[in-house]
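Structure first, then comments.
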Amino acid sequence: IRHVQRSRFHGLSDLMRLDLSKCGIESLESGAFEGLDNLIVLDFKLNVISSIKQLDLSNLAMLRELDLSFNRIESIELLTFQTVHLKKLILDGNPIRLVETASFVGVDNLNHLSLLDIKSIRFENITMRGLTYLRNLSI
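Each residue of the sequence shown is one higher than the one before, counting from 138 in the working numbering.
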């Protein structure tokens, strides 16, 4: 799978975990996750996704865990995760260079953030403002 089309998972409203790791995914159409009303865990590790913004997580109200480790993500834009209530976010092994100020605003319930094996990131740019429930930070 190189491209995930709109409504690709429509009809799977009871699905709670979706593992799309190691699929060679490069891009996703807006609305690719429509119909996944009960999805709690989304695993995208070991793909070639270059932008988090393209994920369009707005339909995933129940999503609590997102693994985007070892993709090609270079930046985390402002308010990227504002529409979801994540508790665990894994971004290990991405070539992240830029984390915009307040990128994590809106993920108030996040208690696990992992940024391991990211050599090029400048940590002075990261603000943890709003992460009041963060219990585990791996950098």
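The beta-carbon is built from N, C-alpha and C at its ideal position, and this holds for glycine as well.
**Study point:** E163 versus L274 - alpha carbon distance
**Key:** 28 Å
Practice item. For L200, name the three-state secondary structure that DSSP assigns. Key: coil
Practice item. At 3 residues or longer, and completely inside the segment 211 to 244: list those beta strand (DSSP E) runs for me, N to C. Key: 225 to 227
Practice item. Take D193 as the anchor and find which of G168, I213, L179 has the nearest alpha-carbon. Key: G168
Review point. CB-CB under 6 Å to K159, same chain, minus the five flanking residues each way: which ones, in chain order?
Key: L183
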